[in-house]
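Contents: one structure, followed by commentary.
Residue numbers (full-length UniProt numbering): 1 to 336.
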């Protein structure tokens with residue numbers, strides 16, 4: 001599908017990945033409507049920090065993904081929907097699982113029903129590598145069993161299955177993108193890489209963390225955004241689930257060491273028990289098989305492997321070290 005001349009909706013456009021995707025789509029000259037979470041501050045989230053030339057070309061729609069009427073209004077006139085709006089923190093899902101069902105499952109249902117009613121040409125639904133749980137084999141292909149090891153993961157499994165059910169039942173043109181552990185500028189402090197960087201940037205040399213042994217496939221934001229756009233453009237992705245990852249596995253402990261090296265400091269790691277997930281909820285190993293993305297639309301990570309990971313961390317650290325950016329974070333507090 002050629003996205004030129006199409007009206008594109010991005011839900012969750014005020015968030016980490018959504019704001020980067022929205023900016024990239026605008027820069028490419030596409031017609032974008034940004035669905036942001038309504039709030040009384042009239043804040044556009046991370047889109048507030050977009051360059052002026054980007055902001056002037058964004059059509060903003062404020063609403064709530066849980067509101068079916070508002071979702072349908074936002075989708076009117078749109079050809080393609082990038083659905084990213086979701087609650088994402090795993091620890092917070094232990095605390096408030098109901099909100100994850102409402103946002104991640106009911107919100108997705110609202111998108112799918114509106115897409116069917118409005119004859120939307122394509123919906124790109126955002127999944128997560130957390131749906132796989134701890135790897136039973138690596139690299140993890142799209143056929144790997146799904147395991148709900150947290151309420152968050154379970155809600156995303158439910159949302160994914162709803163999306164596939166609409167494809168199978170109504171032939172709704174749905175593609176599911178499954179990014180692995182995206183990181184980069186603007187990421188929430190609830191994620192491990194910003195947690196490490198902000199503590200070091202604020203002068204700490206004893207870093208508070210949870211489990212160090214789990215491995216992750218960290219995917220730099222630029223690669224993730226490219227994945228979204230390529231999935232949208234490829235007709236071969238309809239009805240498919242596609243992993244997007246760096247094709248590189250690294251432990252949290254190694255990640256700390258690499259960040260410390262990039263930031264040219266020596267650090268000690270202190271275990272903070274409140275940051276440790278319940279034993280059966282911890283996902284111990286993630287590593288993406290990205291052969292399907294290569295096959296369907298010739299995607300591969302620019303920031304892949306150890307060298308790519310280090311380059312992505314350098315760009316991320318550079319952003320977080322800026323005083324105006326760092327002051328928006330609370331490195332001295334644990335963020336659920």
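Every residue, glycine too, gets a C-beta built ideally from N, C-alpha and C. Being a predicted model, the structure only gives us computed values, none of them experimental.
*Taking all protein chains shown into account, decide if residue 249 is buried (16 or more other Cβ within 10 angstroms of its Cβ) or exposed.*
Counted from its first residue, the chain shown places residue 249 at position 249. Result: buried.
*When you compare only the Cα positions, how much space is there between residue 272 and residue 181?*
Against the chain shown, residue 272 aligns to sequence position 272. Against the chain shown, residue 181 aligns to sequence position 181. So the alpha carbons of these two residues sit roughly 22 Å apart.
*Give every residue of the same chain whose Cβ lies closer than 7 Å to the Cβ of residue 341, excluding the five residues on either side of it in the sequence, and list them in chain order.*
As displayed, the chain neither begins before 1 nor continues past 336, which places residue 341 out of reach and without an answer.
_Excluding the 5 residues flanking residue 299 on each side, which residues of the same chain have their C-beta closer than 8 Å to its C-beta?_
Translated into positions along the chain shown, residue 299 becomes position 299. Excluding sequence neighbours, residue 299 sits near 226, 227, 230, 244, 290, 293.
*Please state if the CB of residue 178 and the CB of residue 241 are separated by a distance shorter than 7 Å.*
Indexing the chain shown from 1 puts residue 241 at position 241. Indexing the chain shown from 1 puts residue 178 at position 178. Yes, Cβ-Cβ distance for residue 241 and residue 178 is below 7 Å.
*Compute the beta-carbon to beta-carbon distance between residue 128 and residue 285, rounded to the nearest angstrom, for a pair I have assumed lies under 8 Å.*
Stepping through the chain shown from its first residue, residue 128 is reached at position 128. Stepping through the chain shown from its first residue, residue 285 is reached at position 285. That pair is no contact at about 15 Å.
*Roughly how many whole angstroms lie between the Cα atoms of residue 307 and residue 246?*
On the chain shown, residue 307 is found 307 positions in, with the first residue counted as 1. On the chain shown, residue 246 is found 246 positions in, with the first residue counted as 1. Residue 307 and residue 246: Cα-Cα distance of roughly 11 Å.
*asked:* Using only CA atoms, which one of 288, 302, 319 lies nearest to residue 340?
replied: Residue 340 lies beyond the range of the chain shown here (1 to 336); nothing can be said about it.
*asked:* I need the straight-line Cα distance from residue 255 to residue 195, nearest angstrom please.
replied: Here residue 255 corresponds to residue number 255 of the chain shown, with the count starting at 1. Here residue 195 corresponds to residue number 195 of the chain shown, with the count starting at 1. Approximately 12 Å between the Cα atoms of the pair.
*asked:* Our contact map puts residue 201 next to residue 326 with C-beta atoms below 8 Å; I'd like the distance itself, whole angstroms only.
replied: The count along the chain shown starts at 1 and reaches residue 201 at position 201. The count along the chain shown starts at 1 and reaches residue 326 at position 326. That belief holds up - the Cβ atoms of residue 201 and residue 326 are roughly 5 Å apart, short of 8 Å.
*Alpha carbon to alpha carbon, how far is residue 64 from residue 25?*
Here the question's residue 64 lines up with position 64 in the chain shown. Here the question's residue 25 lines up with position 25 in the chain shown. Rounded to whole angstroms, residue 64 to residue 25 spans 22 Å at the Cα level.
*Separation of residue 104 from residue 93, as counted between CA atoms*: Start at 1 with the first residue of the chain shown, and residue 93 comes out as number 93. Start at 1 with the first residue of the chain shown, and residue 104 comes out as number 104. Roughly 11 Å separates the two Cα atoms.
*Three-state secondary structure (DSSP) at residue 338?*
Outside the modelled stretch of the chain, which goes from 1 to 336, sits residue 338, for which no answer is possible.
*Tell me where the alpha helix (DSSP H) around residue 42 begins and ends.*
Against the chain shown, residue 42 aligns to sequence position 42. Note, residue 42: premise wrong, no alpha helix (DSSP H); not H, not E.
*Since I believe residue 136 is in contact with residue 283 (beta carbons under 8 Å), could you give me their beta-carbon distance rounded to a whole number of angstroms?*
Start at 1 with the first residue of the chain shown, and residue 283 comes out as number 283. Start at 1 with the first residue of the chain shown, and residue 136 comes out as number 136. That belief does not hold up - the Cβ atoms of residue 283 and residue 136 are roughly 12 Å apart, past 8 Å.
_On the DSSP bridge list, what partners appear for residue 7?_
Within the chain shown, residue 7 is the residue found at index 7, counting from 1. Paired residues: 31.
_Between which residues of its own chain and residue 153 is the CB-CB distance below 6 Å, once the five residues before and five after are set aside?_
Taking the chain shown and counting its residues from 1, the one referred to as residue 153 is at position 153. Within the same chain, residue 153 has close Cβ partners 130, 131.
_Cα-Cα separation, residue 208 to residue 68_ = Reading the chain shown from its first residue, position 208 is the one you call residue 208. Reading the chain shown from its first residue, position 68 is the one you call residue 68. When rounded, the distance between both Cα atoms is 41 Å.
*Could you check what DSSP says for residue 222 in three-state terms: helix, strand or coil?*
Within the chain shown, numbered from 1, the residue matching residue 222 stands at position 222. DSSP places residue 222 in helix when its eight states are reduced to three.
*Over what stretch of residues does the alpha helix (DSSP H) that includes residue 273 continue unbroken?*
Numbered from 1 along the chain shown, position 273 holds the residue referred to as residue 273. Counting along the chain, residue 273 falls outside any alpha helix (DSSP H), and DSSP gives it neither H nor E.
*Please classify residue 302: is it buried, with 16 or more other beta-carbons within 10 angstroms of its beta-carbon, or exposed?*
Working through the chain shown from its first residue, we reach residue 302 at position 302. Label assigned to residue 302: exposed.
*8 Å CB neighbourhood of residue 162 in its chain, flanking five on each side removed*: Working through the chain shown from its first residue, we reach residue 162 at position 162. Correct list, in chain order: 105, 108, 109, 112.
_Ignoring anything shorter than 4 residues, give me the alpha helix (DSSP H) runs that lie fully in the stretch 221-264, in order along the chain._
221-233, 252-262
*Got a sec, what are the start and stop residues for the alpha helix (DSSP H) residue 175 sits in?*
Your numbering for residue 175 matches position 175 in the chain shown. DSSP places residue 175 outside any alpha helix (DSSP H); the residue lies instead in the beta strand (DSSP E), whose first and last residues are 174-179.
*Thinking C-beta only, is residue 101 closer than 7 Å to residue 165?*
By one-based count along the chain shown, residue 165 stands at place 165. By one-based count along the chain shown, residue 101 stands at place 101. Taking the C-beta atoms as reference points, residue 101 is found no nearer than 7 Å to residue 165.
*Kindly indicate which three-state DSSP category residue 65 falls into: helix, strand or coil?*
Counting from one through the chain shown, the residue named residue 65 turns up at place 65. In the structure shown, residue 65 sits in coil (DSSP, three-state: anything other than H, G, I, E or B).
*Express the C-alpha separation of residue 77 and residue 117 in angstroms, rounding to a whole number.*
For this step, residue 117 is matched to residue 117 along the chain shown. For this step, residue 77 is matched to residue 77 along the chain shown. Those two C-alpha atoms are separated by around 12 Å.
*Locate the alpha helix (DSSP H) running through residue 314, then write down its first and last residues.*
Taking the first residue of the chain shown as 1, we reach residue 314 at position 314. Per DSSP, residue 314 belongs to the alpha helix (DSSP H) from 305-321.
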